[in-house]
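To keep things clear, I will list the structure first and then write my remarks on it.
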Amino acid sequence: MQRTVRLLWLLVGWTAIVWVGRIRNLVGDADITGGARAWRIVVAVLFLGLAAVVATVPLGLWHRRPLGSTRLVAIFCLWTIAFWSVRGAGLLLGDHEAGFKVVHTVLAGVSIALAVLLQRADRRLAVDAAAHRAAADDR
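One gets my numbering by counting positions in the sequence shown from 1 and adding 1142 to each.
Here it is in structure tokens:
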């Protein structure tokens, strides 16, 4: 359980660093205007909102819904994995400088790795809890 909580906080913190930085970069970039800037900010806010909601799980704000018993963590992890897989491939195949590609590949790789580890740990908690409930019901 403690490992899962640590992974959750790592992914939430990493997400905050990445996407707050992204918003800062967007606001300061005069080359991106209007709809392009708005769309990118919406994506960043979506990530930050999901991270904030997921952060409430170990804080006990979901009454009687601990880690492993809610789909919030899985949704956040799967969204992170899917987004970075698609966006990462697009960035690698796009016309960008090598440094840009390296930085974004690291951002994508760390995000995906943390999301995969957290999703697996959270799933294990769900399976263990179900087995524990089944054993208690058999008594």
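Every residue gets a Cβ at the ideal spot worked out from N, C-alpha and C, and that includes glycine.
| Check | Outcome |
| --- | --- |
| Which term fits F1242, buried or exposed, when burial requires 16 or more other beta carbons within 10 angstroms of its beta carbon? | exposed |
| Are there 16 or more other CB atoms within 10 angstroms of the CB of L1249, so buried, or fewer, so exposed? | buried |
| Looking only at its chain, what residues have a beta carbon closer than 8 Å to the beta carbon of A1272, apart from the 5 residues adjacent to it on each side? | none |
| Taking A1263 as the reference, give the member of V1228, R1213, A1277 with the closest Cα. | R1213 |
| Can you check whether the CB of A1186 is closer than 9 Å to the CB of V1162? | yes |
| Using 8 Å for Cβ pairs, my map puts F1218 next to V1244. What's the rounded Cβ distance? | 26 Å between Cβ atoms; not a contact. |
| Taking the alpha helix (DSSP H) that T1198 belongs to, which residues open and close that run? | Neither: T1198 is in no alpha helix (DSSP H) and is coded neither H nor E. |
| Which class does T1175 belong to by DSSP, given the choice of helix, strand or coil? | coil |
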